[in-house]
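S.K.:
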Amino acid sequence: MKFSIAALGIACFLQSSDAFAPTFTAQRSFSLQSAVLEDTAVEAAVEDKPKKKLPTRFDRLKQLYKGPTFKLKDDSVAFSYDDFAQAVSETVYGFERNAIVSGTAVEYMKAGCLVDIGAKASAFLPEHEAGLMMEEKVLTEVVPLDTPIEFQIISEEDENGQLLVSIKRLEYRKAWDRVTALAEADEVLEAPVIAVNRGGAICMVEGLRAFLPGSHLTGQLPDENLIGQILPLKFLEVKQETNKLVVSNRKAVVEQQMADLSRGDVVNGLVKALKPYGAFVEVGGMSGLLHISQISHDRIEDLEAVLQPGMQIKCMIIDHDKLNGRIALATKTLEYEPGAILKDPAAVFAKAEETAEKYLAKMEEEKQAREAAARDIVLGLGDSLDGLGLDDDKSDDDQSDPLQDVSDSLDTLLS
-12 MKFSIAALGI
-2 ACFLQSSDAF
8 APTFTAQRSF
18 SLQSAVLEDT
28 AVEAAVEDKP
38 KKKLPTRFDR
48 LKQLYKGPTF
58 KLKDDSVAFS
68 YDDFAQAVSE
78 TVYGFERNAI
88 VSGTAVEYMK
98 AGCLVDIGAK
108 ASAFLPEHEA
118 GLMMEEKVLT
128 EVVPLDTPIE
138 FQIISEEDEN
148 GQLLVSIKRL
158 EYRKAWDRVT
168 ALAEADEVLE
178 APVIAVNRGG
188 AICMVEGLRA
198 FLPGSHLTGQ
208 LPDENLIGQI
218 LPLKFLEVKQ
228 ETNKLVVSNR
238 KAVVEQQMAD
248 LSRGDVVNGL
258 VKALKPYGAF
268 VEVGGMSGLL
278 HISQISHDRI
288 EDLEAVLQPG
298 MQIKCMIIDH
308 DKLNGRIALA
318 TKTLEYEPGA
328 ILKDPAAVFA
338 KAEETAEKYL
348 AKMEEEKQAR
358 EAAARDIVLG
368 LGDSLDGLGL
378 DDDKSDDDQS
388 DPLQDVSDSL
398 DTLLS
């Protein structure tokens, strides 16, 4: 009985094992199929990936080549590496703003040029900072390459270590020094007119713009016709602190003309304007007054009937103020008879020099007569004082002439 029970148990176990056998086989078959598919996919991916090109023998040699080698010898130089290192350590590099450095232009750019000033990066010189009046100049002519030039640093270093430099700032400072020296010497200079405005004209003096007031322009108006003309000038005001430079054409012309003029000279003039009290006449670039009382010995009822603006006349200088550039004129001294200029002014001007010579000779005779009369009066007084015993101890050489201060010049005669 016991045996039969054991046999029955073994039979049941064998039956259960056979029941599970198909499922295990199926699972094992599925695992094998998955592994085969994965291996196939990997092989396909490896075949699709491009193969890396192996370097050639030339490529390997190229990577190993370091260029030609040179054996350095310092026997031919006058200093060693230690001397050079010491010189570098002792050199002070100052690249602060407004510092003046020496450098050379190395390359032209579109709006300027690169300049080697010894800094870690080449400095840049803008074209408008290459000098004064760059509108009329070319950068390549003003700043040649490889030529030592002084520059002024006008900026701090940017993110690339580059500085901005200028030549214009240095020339500007030197121009003011020259202008100041000319103003102190009070010399006459010549300068071109570059522009005009309502108040006057702009002149270029030593590279600086100077203002010429219209009131100080002689014989011309501040219009477009004045541009390009070169005028003699003198300084009226020079102030570098406020960048103010004022010049005068009239002052320069007056001083030049006044040096050649004196009382009694007969000069040509141009009537510029008529006033109730007389006429303004331009003489050698100066404006002179011909007073109505000095036109003729006869009374003048209508000045416009005698003189007109634009009329060429001859007149005599009877007084002048050289300091202020003023002259007083007369035509009645040229009349060969009283009222002649009212009747025939052309004849008066034709005989002007001859009449003036006679007039001056007559004035000289009258002067000599007045001096003789004055001398007789003084001598008469001297005879009456002889009895008083005054100045007996003085010799004739020690006695001063009471008329020694009387001048024989024409200036005293017409003053």
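In terms of my numbering, the sequence shown opens at residue -12 and continues consecutively. Just so it is clear, CB atoms sit at the ideal spot from N, CA and C, and this is done for glycine as well.
#1: Look up residue 142 in the DSSP assignment and say whether it is helix, strand or coil.
#2: Closer than 7 Å: is that where the CB of residue 257 sits relative to any heavy atom of the ligand ADP?
#3: Which stretch, first to last residue, makes up the beta strand (DSSP E) that contains residue 156?
#4: How would you label residue 153, buried or exposed, when you count the other beta carbons within 10 angstroms and need 16 or more for buried?
#5: To the nearest angstrom, report how far apart residue 101 and residue 108 are at their CA atoms.
#6: Note down the Cα distance separating residue 356 from residue 320, rounded to an integer number of angstroms.
#7: Please specify which runs of the alpha helix (DSSP H), each continuous and at least 4 residues long, are wholly inside the segment 282 to 339, giving them in chain order.
#8: Just to confirm my understanding: we take residue 328, look at its own chain, exclude 5 residues before and 5 after, and list those with CB closer than 8 Å. What are they?
#9: Quick one, which of 160, 183 and 239 has its alpha-carbon nearest residue 228's?
#10: Per DSSP, residue 217 forms a beta bridge with which residues?
#11: Can the beta-carbon of residue 214 be found less than 8 Å from the beta-carbon of residue 250?
#12: From what residue to what residue does the alpha helix (DSSP H) around residue 255 run?
#13: Determine the closest residue to residue 170 out of 48, 193 and 156, with distance taken between C-alpha atoms.
#14: In angstroms, rounded to a whole number, what distance separates the CA positions of residue 244 and residue 207?
#15: Excluding sequence positions up to five away, which residues of its chain have a Cβ less than 7 Å from the Cβ of residue 118?
#16: In the DSSP assignment, find the alpha helix (DSSP H) that holds residue 46 and state where it starts and stops.
#17: Does DSSP put residue 197 in a helix, a strand or coil?
#18: Roughly how far, in whole angstroms, is the beta-carbon of residue 278 from the beta-carbon of residue 265, given that I think they are within contact range, below 8 Å?
#19: Between the alpha carbons of residue 199 and residue 256, how many angstroms are there, rounded?
#20: Return yes when the Cβ of residue 259 is within less than 8 Å of the Cβ of residue 274, no when it is not.
#21: With the cut-off set at 8 Å, would you say residue 145 and residue 91 are in Cβ contact?
#22: Between 111, 285 and 252, which has its C-alpha nearest residue 314's C-alpha?
#23: Using the beta-carbon count (16 or more within 10 Å), is residue 236 buried or exposed?
#24: State buried or exposed for residue 300, treating a residue as buried only when at least 16 other CB atoms are found within 10 Å of its CB.
#25: In three-state terms, what does DSSP make of residue 249?
#26: Mind checking residue 44: buried by the 16 CB within 10 Å criterion, or exposed?
#27: If you draw a straight line from the alpha carbon of residue 72 to that of residue 93, how long is it in whole angstroms?
#28: If you draw a straight line from the alpha carbon of residue 76 to that of residue 70, how long is it in whole angstroms?
#29: Any idea what DSSP makes of residue 121, helix, strand or coil?
M.R.: Let's see:
#1: Along the sequence shown, one-based indexing puts residue 142 at 155. Coil, per DSSP.
#2: The ligand ADP is not among the ligands present in this structure, which contains no ligands whatsoever.
#3: Residue numbering aside, residue 156 sits at position 169 when the sequence shown is read from its first letter. Membership of residue 156 in any beta strand (DSSP E) is not indicated; the residue belongs instead to the alpha helix (DSSP H) covering 155 to 172.
#4: Counted from its first residue, the sequence shown places residue 153 at position 166. Using a 10 angstroms sphere on the CB of residue 153, the tally of other CB atoms reaches 16 or more, which defines it as buried.
#5: Counting from one through the sequence shown, the residue named residue 101 turns up at place 114. Counting from one through the sequence shown, the residue named residue 108 turns up at place 121. Residue 101 and residue 108 have their C-alpha atoms roughly 10 Å apart.
#6: Position 369 of the sequence shown holds residue 356. Position 333 of the sequence shown holds residue 320. Roughly 20 Å between the two C-alpha positions.
#7: Taking 4 residues as the minimum length, the alpha helix (DSSP H) runs contained wholly in the segment 282 to 339 are 327 to 330 and 332 to 337, in order along the chain.
#8: In the sequence shown, counting from the first residue as 1, residue 328 sits at position 341. Closer than 8 Å at Cβ, skipping near neighbours: 282, 283, 293, 318, 319, 321, 322 and 335.
#9: Here residue 228 corresponds to residue number 241 of the sequence shown, with the count starting at 1. Measuring C-alpha to C-alpha distances from residue 228 to each of 160, 183 and 239 identifies 160 as the nearest.
#10: Indexing the sequence shown from 1 puts residue 217 at position 230. Paired residues: 179.
#11: What you label residue 214 is simply residue 227 of the sequence shown in a count that begins at 1. What you label residue 250 is simply residue 263 of the sequence shown in a count that begins at 1. Not in contact: residue 214 and residue 250 (Cβ atoms no closer than 8 Å).
#12: What you label residue 255 is simply residue 268 of the sequence shown in a count that begins at 1. DSSP places residue 255 in no alpha helix (DSSP H) but in the uninterrupted beta strand (DSSP E) bounded by 253 to 262.
#13: Walking along the sequence shown from the start, residue 170 turns up at place 183. Selected option, being the one with the closest Cα: 193.
#14: Here residue 244 is taken as the residue at index 257 of the sequence shown, counted from 1. Here residue 207 is taken as the residue at index 220 of the sequence shown, counted from 1. Annotation: residue 244 to residue 207 spans about 17 Å, alpha carbon to alpha carbon.
#15: Counting from 1 along the sequence shown, the entry for residue 118 is found at position 131. Closer than 7 Å at the Cβ level, and outside the excluded window around residue 118, lie 124, 129, 154, 155 and 158.
#16: The residue labelled residue 46 in the question sits at position 59 within the sequence shown. Unbroken alpha helix (DSSP H) run through residue 46: 44 to 51.
#17: By 1-based counting over the sequence shown, the position of residue 197 is 210. Residue 197 falls in the strand class under three-state DSSP.
#18: Taking the first residue of the sequence shown as 1, we reach residue 278 at position 291. Taking the first residue of the sequence shown as 1, we reach residue 265 at position 278. About 4 Å separates the two Cβ atoms, so the contact holds.
#19: Numbered from 1 along the sequence shown, position 212 holds the residue referred to as residue 199. Numbered from 1 along the sequence shown, position 269 holds the residue referred to as residue 256. Answer to the nearest angstrom: the Cα atoms are 25 Å apart.
#20: Residue numbering aside, residue 274 sits at position 287 when the sequence shown is read from its first letter. Residue numbering aside, residue 259 sits at position 272 when the sequence shown is read from its first letter. With contacts defined as CB atoms closer than 8 Å, residue 274 and residue 259 qualify as a contacting pair.
#21: For the purposes of this step, residue 145 is taken as the residue at position 158 of the sequence shown. For the purposes of this step, residue 91 is taken as the residue at position 104 of the sequence shown. Cβ atoms of residue 145 and residue 91: not closer than 8 Å.
#22: For the purposes of this step, residue 314 is taken as the residue at position 327 of the sequence shown. Among 111, 285 and 252, the Cα nearest to that of residue 314 is on 252.
#23: Taking the sequence shown and counting its residues from 1, the one referred to as residue 236 is at position 249. Classification for residue 236: buried.
#24: The sequence position of residue 300 within the sequence shown is 313, counting from 1. Counting every other CB atom within 10 Å of its CB across the protein chains shown gives residue 300 a total of 16 or more, marking it as buried.
#25: Start at 1 with the first residue of the sequence shown, and residue 249 comes out as number 262. Residue 249 falls in the coil class under three-state DSSP.
#26: Your numbering for residue 44 matches position 57 in the sequence shown. Exposed, since its Cβ has fewer than 16 Cβ neighbours within 10 Å.
#27: For the purposes of this step, residue 72 is identified with residue 85 of the sequence shown, where counting begins at 1. For the purposes of this step, residue 93 is identified with residue 106 of the sequence shown, where counting begins at 1. C-alpha separation (whole angstroms): 26 Å.
#28: Counted from its first residue, the sequence shown places residue 76 at position 89. Counted from its first residue, the sequence shown places residue 70 at position 83. Here the alpha carbons of residue 70 and residue 76 stand approximately 10 Å from one another.
#29: Residue 121 sits at position 134 when you count from the first residue of the sequence shown. The answer is helix: DSSP assigns residue 121 an H, G or I state.
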